[in-house]
Each structure stands twice: as C-alpha cells, then as structure tokens.
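*Asks:*
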Amino acid sequence: MIARSWLFCPADRPDRLTRAVDVADVAVADLEDAVATDAKERARATVAEWLAADPARARRVWVRVNNEQDLVDADLDAIAGLGIAGVVLPKADLVTVTALAGRLRVPVLPLVETAAALWRLPEIAAVPGVATVTLGEYDLAADLGVSGFEDDPQPLAWARSGAVAAAAGCGLVPPPAPVTAAFDDREAFTASTRALQRMGFAGRMCIHPRQVEWTHDAVRPGADDVERARAVLAAAQDAERKGSGVAVVSGRMVDAAVVRRARRVLALAAPDAGSVMD
C-alpha cells in the first residue's frame, strides 16, 4: 500500500485517533514518544479498547511501539489479534527488526534513527516482513551531528536517498517522507513535501491534522501529469490490442515501469484517493 498521509496521535487519546482515521490515509497510534513513561500501561489498554470497538477502523491503523524490549513485549501483547495494519518500530536496528518481524503477522515499518542503523539500511529493508523503511530525522540528525536539515536538504540528502534506494532495491513500496515539526507555514511544508516526492518518497508522515490536508494537496498530480498518464495508458492498451510490445508517447518508449507510474498518478488524482497499490 502507498498512503498519502500517516498521522501520528497519542495512543491514549481515542478522540484524536478517531479524527485521524477520518482525515488521514493511515492513523498511527503512538505508544512511544507521545506517551509519558508512567502512562504507558493506560495507553495500551486505551488503544486496545479503541481498536477492538471497530475492526474495520483497525485495518487503517498502525501502532508505533516502544523500543525497549520489556515495553515492546507489553505493547505487542496489548494489540495482539486486534487486526491492525502494521507496526512502526522506532530506533530500529537490524537485530530488533529481524526479531520483531519474525514474531508478527503484520508488516513492520522500521524508523531508522541512528547512524549505525543507517549504515545497515539495505539489510534492514531486506528483512522479510518489512513493508518499507524511512527515517526518524530528528534523532538521526542528532546522532550524525548535523543541523539545519529542515531548511537545507544537503545534510541528510545522502540518508534520504539511501532510504529510497534501499526500499526500491528490496522491491518494497516507496517510503513515506519523514515528519517535520513545522506546522504553521503551509508554503514551506508544501515545498519540502514536493521536494521529497521528487527524491522518491511517497506521501508523508504527519504530526498535526492540518499537515494531512497540506500533504494531500502537495502530492495530488497536476492536470499535465494526469493528461500524460492517460496518454501512457491509452498507448499501452492500444499496443496490447495490436499485439505489439512497444508503445510510444510523445516520441518516447513506454515500458512497464512507466505504465505503473501512470496508474499511480491517476489513482492519486481520483477524488476518493486514499491509498493506491503499487
């Protein structure tokens, strides 16, 4: 699945989670950073009750678990069998991803937040059960000792391209773009989101509901993109009817990858776009 928006909400706030399901393609119930240490147990019980109340809703929810082993075990016990879409693993490394993916029946999305994990990103992406990979940029930047990455893409450009390449190289769906703490400047948010899409990310992780609307607008294909996509599909269908393996649009050859991209563009342009299959 390729989602346009992933909205993180505290797992102990069912009101916010319900709203997240209504506005975002994916709601992420956060048991880690958004929940204080002394509130973890209550948060687990709260989100488990909320998930159990509506199985159809649960299928659009991922849960970000903690990264300490005892907390992870308690988190997974609480949400077991509740039909969630997947698990987001913070501060992921190869050992924890391998162990977690091996015990789950749902996909895992590792957040790479350390230099050590970044260095082994292709191996992490190759673990069976991993849906895709992306970066936790604030922790990663601190570990790398870089700064200013929100205004200047260069400090994390290699890491960002590495995440996209690792996912593509392992045949995974493109990663969602990392979060940004800025939620009061729509123009800047839109510009950064579009820049990240050009790098190969798909959609974006959000920490505020208004970022969801901004993301959907930013990733929605323009009229020219839609027209080109329709022309590609028409040419491919015409070539298939004629028994030809070659289709040409505007003097350029059309192959299977171009056709897949065209289908994705049209799916994102649909009025009811929510998520598209690669």
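Position one of the sequence shown corresponds to residue 58 (my numbering), numbered consecutively onward.
All C-beta atoms in this analysis are idealised placements derived from N, C-alpha and C, irrespective of residue type, glycine included.
Determine the direct distance from the alpha carbon of I264 to that of A84, and round the result to whole angstroms.
*Replies:* Each residue's Cα considered, the two are about 10 Å apart.
*Asks:* For V190 versus A223, is the C-beta distance shorter than 7 Å?
*Replies:* Result yes, Cβ atoms of V190 and A223 sit closer than 7 Å.
*Asks:* Does the beta-carbon distance from V165 to V129 come in below 7 Å?
*Replies:* Cβ distance not < 7 Å, so V165 and V129 don't count as in contact.
*Asks:* Where G140 and R309 are concerned, what is the direct C-alpha to C-alpha distance, given to the nearest angstrom?
*Replies:* Spanning the two alpha carbons is a distance of roughly 45 Å.
*Asks:* What is the rounded straight-line gap between the Cα of E297 and the Cα of A286?
*Replies:* About 17 Å.
*Asks:* Near F258, which residues of its chain fall below 7 Å by C-beta distance, leaving aside the five closest residues on each side in sequence?
*Replies:* Excluding positions up to five away in sequence, the list reads V221, P231, P232, P233, A234.
*Asks:* Would you say the stretch 195-206 touches the stretch 244-259, given that touching needs at least three Cβ pairs under 8 Å?
*Replies:* Taking 8 Å as the limit for Cβ pairs, the verdict is that the stretch 244-259 does not touch the stretch 195-206.
*Asks:* Is L178 near G219, with beta carbons less than 7 Å apart?
*Replies:* In contact: L178 and G219 (Cβ atoms closer than 7 Å).
*Asks:* What is the DSSP secondary structure of R162, counted as helix, strand or coil?
*Replies:* Residue state, collapsed to three classes: coil.
*Asks:* Between the alpha carbons of A288 and V306, how many angstroms are there, rounded?
*Replies:* Their backbone Cα atoms lie some 7 Å apart in a straight line.
*Asks:* Buried or exposed, going by whether 16 or more other CB atoms sit within 10 Å of the CB of E89?
*Replies:* Classification of E89: buried, given that the 10 Å Cβ count is 16 or more.
*Asks:* State the Cα-Cα distance for the pair T126 and H273, rounded to the nearest angstrom.
*Replies:* Strictly speaking, residue 126 in this sequence is Gln, with Thr absent from that position. Rounded to the nearest angstrom, the two C-alpha atoms are 36 Å apart.
*Asks:* For W63, write down the residues that DSSP places opposite it in a beta bridge.
*Replies:* W63 pairs with V83, M262.
*Asks:* Take the Cβ of G138 as the centre, count every other Cβ of all protein chains shown within 10 Å, and call the residue buried at 16 or more, exposed below.
*Replies:* Under this definition G138 is an exposed residue.
*Asks:* Please report the distance separating the alpha-carbon of A91 from that of D241.
*Replies:* Cα to Cα, A91 sits roughly 20 Å from D241.
*Asks:* Taking C-beta to C-beta, are P266 and V122 nearer than 7 Å?
*Replies:* Not closer than 7 Å, so no.
*Asks:* Ignoring anything shorter than 4 residues, give me the alpha helix (DSSP H) runs that lie fully in the stretch 205-259, in order along the chain.
*Replies:* If we require 4 residues or more, the alpha helix (DSSP H) runs fully inside the stretch 205-259 come out as 211-226, 243-255.
*Asks:* Name the DSSP beta bridge partners of A350, please?
*Replies:* This structure leaves residue 350 out entirely; the chain is present only between 58 and 335.
*Asks:* Inspect the beta-carbon positions of L197 and E170 and report whether they are closer than 7 Å.
*Replies:* Yes. Within cutoff.
*Asks:* Grab the span of the beta strand (DSSP E) containing R121 for me, first residue to last.
*Replies:* Start and end: 118-121.
*Asks:* Please look up how many angstroms separate the CB atoms of S62 and D82, rounded, as I've assumed it's under 8 Å.
*Replies:* Confirmed, Cβ separation roughly 5 Å.
*Asks:* On the three-state DSSP scale, how would you describe L139?
*Replies:* L139 falls in the coil class under three-state DSSP.
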